[in-house]
Amino acid sequence: MSEIEKIDGFTEEEQLDFEAELQEGYADIEDKYAVDTQQGFENVLVMDNIPIVDDSKKQKLVDRLRQLFAKAGAPIEEENISMPWDDKAATNKGFIFLTYPDAQQAENALRALDGASFGKSTLYVNRFGDIERYANLPVGEGELPTGWREKPYVEKDHLRSWLGDSAGRDQYLTFRDQDVSIWWNGRNGNAEPVKVDGKPLKNNKWGELYLQWSPLGTYLSSLHRVGVALWSGTKLDGPIGVNVLRFTHPGVRLIQFSPCENYLVTWSEEPLDNFENHPNAALRETFGPEDEGNQFVIWDIKSQRVLRTFPADKPIQGEDGPQQVAWPSFKWSPDDAYIAKCNVGTGIAVYELPGMGLLDKKSIKIEGVQNFEWCPMSEKDFAARKAGKGKECSFVYWTPEAQNQPARVSIMSIPSRNILRAKNLFNVTDCKFYWQNQGDYLCVKVDRHARKAKSKKATFCNLELFRVREKDYPVEVIEFKDYVPQFAWEPQGSRFAIVSSNDPNYGQGIPGVVVKYNIDFYQLDQKKGDFIPIKHLDSKIANTLVWSPRGRHIVLATIGSSQKFDVEFWDLDFVVDERRETSEPGANVTMLASGEHYGITDIAWDPSGRYLTTHASAWRSSPEPGFCVWDFKGQQLVHQPMDKFKQFLWRPRPPTLLSKDQIKKVRKELKEYSRTFDEEDAAEENRGSAEKLAQRQRDISEWNAWRARNNKRVDERRAQLGKEKKVVVNQDHKDDEKVEEIVEELIDETEEVVVGQL
Amino acid sequence: MVSHERSLTQIVFNSEGDLLFSASKDSVVNAWFTSNGERLGTFGGIKGDGGHNGTVWTVAVDSQTRFLITGAADNTMKLWEIATGKCLFTWEFLTAVKRVAWNEDDDTILSITEQRSGQPSIIRIYKINRDEPTSQTTTPITTMTLSGSKATVALWTPLSEYILTGHESGKVAKYDVKSGEEVNYVDDAHSGEITDIQSSPDGTYFITSSKDKTARIFDSETLEEMKVFPTETPLNSACIAPLRPYIILGGGQDAMSVTTTSQRAGKFESRFWHKLFEEEVGRVKGHFGPINTLAVHPQGKAYASGAEDGFVRVHWFDESYFRSRPFGDLEPEVEV
C-alpha cells in the first residue's frame, strides 16, 4: 500500500518513466511465461477423422474409442479425452485431444493408433506440437516456402504403347552375355528389333544381373547391385521418376510384382544397414532406423516409396540342411488388396494395402499351417467386384496331422475369415495347391505315405479336386499308386494333365538313366459333374507340361535330362473331319508334331498362344546355349544357337479390353478379317523377300565387281613381272588313272607253338 | 582313313587332287589316294630313313607333286621326294617349325619358327634348288624377325611378291618377300588366335579362321575385310571351295575339354557357309574330336577334314551339292 502511495507521489515525468520500465519488465515476463507449443505438450495427441455424433451417442463413441485404444496397447482414462463440441450443430467437431501421462506413452500411442481403422473411417493421429508448428510456418497463404523448387511437369511416355503395334505382334527380350535386345516377333519367326527413332532399342545398364517383365508387361525391371530399376514407355527409358523408376535396395536378388502392378516386393541377401549417416542420400531418405536388419521391402510402385520392411525368415533347419528362401515368400491376393505371408506352424499374416497394417491388427492363428495359396480371380470376378457384388478373396491352406487330429485342407475367405470349406486327410506327407487360372477349380495334390510306414516318405498320391464355383465346393478324389511330379490345369478350361511315374529309377538321380513317365489327360464331365480320364499316354520320357495360355494346345517336353531333349506338340481338340463329330472324349487328342532342342532348359508360350520358344540358358550350364521358336503346330521356325545366351522373356500382355460380345463378333467375322490380314501378310512376304533378294543381288554384284578389279590388277602385275599365267590343270585325272587295289585276304592262319629244346 | 595314332595337324591336296598328304602329332606324314582312301606311302614311317622325331606341324606340296616340305616340333624342316618317300634335305633351327608353304612357281618356300625359350618367331624364305634337290642352301634369302605377337600361319600372294601372315593376337599382316618389311597390317582382324589361313583358288582373297569363333575373308591386296562368318565354336580351320560359292569351316571345343562333354556338344561338324551371303547352308558330321584341319580338292570335287580323333575323312561332293541352289538362282561368277 505504501508503495502505491509513493507512486502517486511521483511527478508526471517519473510516472512515465516507471510505466515504460514496467512495460519492459512485462515483456520479459511474457517471454518467460509464453506458451511454448513446441514443448510442454509432448504428451498430447490430436486424433482426426472421428465419426461425428450428437450428444446421445457421445458417451458410446468415447467408450468405443477407449476400447480400441486399449486393444491397440494405448489405454487412456476418460477424463484425458477432450472432445471439442460444436454447439451450433450440436455435434462433435470430428477430432479429439488425447492427453497421456508422459511423452513416451504418447509417442507409443501415436505409433499404435495412427492409421488405425475405426468402423469405416481411418483414424489419423498427430502430435499436438506438430499441428501448431505446421500451422505457423512462416509462409503466407498461397505462397511457397523458401528453398522450394517446383518440379517441372514431365509428360509420361505411354506405358502401353507396345500394344498399339499395327500387326499386333508380341515383343520378346533376349539377353546374351552383357547385351539385352528387344524384338518384335513377326510372322513365322521373323524377328525384327524394336526400334526407337530408327535405332534398335539398347541399354547398357540392363545386363547387370537379370531382367523380368511386370505381370501385365508395363514395366521391364532390371536388377542391379544397388537396387531395382523399372523401365517403361515406348523407349523403355526416359526421365528418372517418370518412365524410369528406381528402387534402392542394396544387394537385391529377388523381386515380385503384385498382380495389378501396384506394388513390388524386393528381397536382398544383405540385411539393411543403419543408413542414418550414409553418404548416399537415397538410402538415408528411403530407410529409417526401424528398417535396420530387414531383408524384405514392400514398395508402392507409382510413388516409389517404401510401404514396409520385413526381416527375413529364420532359416528352418530341415532334414536336408538349411532351407532355401521360399519364393515368393509374400503372396499377393489377385486384386492387390492384401499381401500375406505364411509363418510356418503358427499362422498366416495378412496385411492390408496400401497401409500395410495387419488385417484386423492381428495375424490369423492357424496351428501347424504349412502353406497357402490365394484363389485367382477371373475377369468376371473383377467385373462383379467393380459392380460391388463380388465375392471376397480367399485362400487355401493345409495343416498336417497332429495328435489325433487329421491333416486338413481349408479354404478361408478374407477379410471375413470364414472357413468356406474344409476337408480332412490322412497319412499326408505334403500338399501342393494348383488353382485353375480363373479360380474355377482347385486341385490339392496330396502326397501320401502308407499308413503304418515308419518313414513319412511319400509313396503315392491323391488328387483332391475342388469345384469352387459350385455350391458347397464339391470334392472329387482321384487316387494314384504312383508319384505325380507334375500337374497342370488347362488355362480357361476344365481339363488338366498330369505326369506320373512308376519307374523304379524315379527320384534316384542315377545319371544316364532315362526315367519313363505316364501322362494322363482328364476332363470335366459336364453331365455328371466329375472329372474323367480321356487319354492315357504310356512310357513317355517327357516330364514337363506346358499349356498354351489359350488352352487346347499343350507341349510335353523333356527338360533336365542329359540325353533326351524332346518337345512334343499336342492338340486336345484336333478334328480331322468336322462332319464326323465324335462324342467319345479323348478321341481328338492328337500329337501334331515332335521335335528336339538340344540342351533345352526352359520353355515358354508367347502371350497369344501362337508361338512357343524353347531356350537353353548358359546360366543352367546348357551345353548349347541359344533358343528356338516354334509355332503351335510344332514346326520349328528359328533355331538360334548363341554363345553365352542367358535369358529369353516374352513381354506379357494385359487382359483384352474387348467385351465377350465383341470377341464373339470377331470370331464370327473371322473370315472377313483374315482376308485383309492374308493380303497384308502376302505383301509383307513379298517385300521381305524382295528386300533380301535385292540385298543378295547387291552382294553378288559387289563381289563380282571386286573380283574383276582384283583379277585385272593381278593380271597387269603379272604382265609387268613378265610371268605367265598358270593354266590350271583341269583335266579329270580320276578317270585316266588306274588305281590298283590289292585286296589281301586272309585265307587261313595257323599258330604253332614251337617249343625250344635245350 | 585312319593310320595316325595321334591328332592331325595339317592336311593338303596335291594340285591334281588325287593325293592327300596328312601331317600329325605322331611324327609321320602320310600320302593317300583320295579316290579310295588307300595309303600310298609314308614319309618317315620307318625308323632310320630320316623321318621327323616329334609332332609334324605342317606339310606343303609343290604344284608338280614332286617335292614335299614338312616342318616339325623336332626343330627341323625337311624336303622329301614324293615318288620315293626319301628325305632329301634337312634344315635345322632353334625352335619348332610351325608352318611351311610353297610359292606358286615352286622355287621358293617360307617357314615360320615358333617363339620359344627366348627365341623370337622368325619367318625365313628359302630358294629351293629343284635340279639338285639334295644340296640346298641353309641361308635364307630373307629373314623376318617378328617383334610383336608371333605368327601362327602364313601364305603366299599369287605373284609371290608378298606373304600374308596370321598372328596369335588376331593380327593379319602382309610382308614384302624381298625386303622383309611389313607393308600392311590389320591389328584387330580377329579377337583371338588365328588358327588357319587359306587362299582362294586364284589367290586374290583369303580366309582366316580363329579361336574367336569367326572366320573372315580378306582382300589379299588391301587386307580389307570382305566377309565375316560368326559361329558358336572356336574354329581351327577354314577353306574356300572352288566352283561353288561356299566356304568350309571346322573346329570344336578345345581338345582339353572334349572328354567332359558329349560328342554332340562338342560341335565337331564341318560347316558349310555361303561365301557371299554369310549364311550357313549345311553341316557334315562324322568326327568325334574337334576338326584341326580342312582342305578342299583343287577342282572343288571333294574336301577332307583331319581331326583330333586321328581320322582323316575325305568327302566327295555328290551331284546335289553342285545342283542345289539354296538361295535361288542368284549365283556369283564361278571361280576355278
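Chains as they are written, first to last, in the UniProt record's numbering: chain S, 1 to 758; chain W, 1 to 336. Note that the Cβ used here is the ideal one computed from N, Cα and C, for glycine as well.
The beta-bridge partner set that DSSP reports for residue 432 of chain S consists of S/445. With contacts defined as CB atoms closer than 8 angstroms, residue 318 of chain W and residue 287 of chain W fail to qualify as a contacting pair.
For residue 715 of chain S, the secondary structure class from DSSP, reduced to helix, strand or coil, is helix. In this structure, residue 673 of chain S lies away from residue 185 of chain S, with their beta-carbon atoms at least 8 angstroms apart. In this structure residue 177 of chain S is exposed. Its beta-carbon is surrounded by fewer than 16 other beta-carbon atoms within 10 angstroms. Among the CB atoms of chain W, one or more fall inside 8 angstroms of the CB of residue 717 of chain S. Straight-line spacing of the CA atoms in residue 606 of chain S and residue 653 of chain S works out to 10 angstroms.
The shortest CA-to-CA distance from residue 375 of chain S to any of S/410, S/387 and S/344 is the one to S/410.
When beta bridges are read from the DSSP output, residue 591 of chain S appears opposite S/570. When C-beta distances to chain W are compared with 8 angstroms, every residue of the region 477–499 of chain S stays at or above that value. The closest CA to that of residue 234 of chain S, considering only S/227, S/244 and S/228, is found on S/244. In this structure residue 391 of chain S is exposed. Its beta-carbon is surrounded by fewer than 16 other beta-carbon atoms within 10 angstroms. For residue 133 of chain W and residue 37 of chain W, the gap between their C-alpha atoms comes out near 29 angstroms. By the 16-neighbour rule on beta-carbons within 10 angstroms, residue 670 of chain S is exposed.
The straight-line gap separating the alpha-carbon atoms of residue 294 of chain W and residue 73 of chain W is approximately 21 angstroms. For the 8 angstroms CB-CB criterion, residue 501 of chain S and residue 522 of chain S do not form a contact. Residue 333 of chain W and residue 704 of chain S have their C-alpha atoms some 7 angstroms from each other. DSSP places residue 271 of chain W inside the beta strand (DSSP E), whose first and last residues are 270–274. Within the same chain, and ignoring the five residues on either side of residue 135 of chain W in sequence, the residues whose Cβ sits closer than 7 angstroms to its Cβ are 129. For residue 704 of chain S, the secondary structure class from DSSP, reduced to helix, strand or coil, is helix.
Taking a contact as a CB-CB distance under 8 angstroms, the pair residue 109 of chain W and residue 69 of chain W counts as one, their CB atoms being some 6 angstroms apart. Taking the Cα positions, residue 216 of chain S is about 25 angstroms away from residue 645 of chain S. For residue 713 of chain S, the residues of chain W that pass the 9 angstroms Cβ criterion are 204 and 221, in the order they occur in the chain. Residue 633 of chain S and residue 335 of chain S have their C-alpha atoms spaced approximately 35 angstroms apart. According to DSSP, residue 113 of chain S shares a beta bridge with no other residue. Per DSSP, reduced to three states, the secondary structure at residue 140 of chain W is coil, with no helix or strand assignment. DSSP places residue 478 of chain S inside the beta strand (DSSP E), whose first and last residues are 475–480. At a Cβ-Cβ threshold of 8 angstroms, residue 550 of chain S and residue 572 of chain S do not count as neighbours. The contact set of residue 158 of chain W on chain S, defined by CB atoms closer than 7 angstroms, consists of 714 in chain order. Of the candidates W/194, W/99, W/159 and W/23, W/194 places its Cα closest to the Cα of residue 166 of chain W. If you ignore the 5 residues before and after residue 486 of chain S, its C-beta comes within less than 6 angstroms of the C-beta of 499 and 545, all in its own chain and listed in chain order. A direct Cα-Cα distance of roughly 16 angstroms separates residue 668 of chain S from residue 677 of chain S. The residue among W/160, W/78 and W/86 with its C-alpha nearest the C-alpha of residue 714 of chain S is W/160. If you draw a straight line from the Cα of residue 89 of chain W to the Cα of residue 614 of chain S, it is about 60 angstroms long. One Cα belongs to residue 230 of chain S, the other to residue 603 of chain S, and the distance between them is close to 25 angstroms. Counting along the chain, the unbroken alpha helix (DSSP H) around residue 129 of chain S starts and ends at 128–135.
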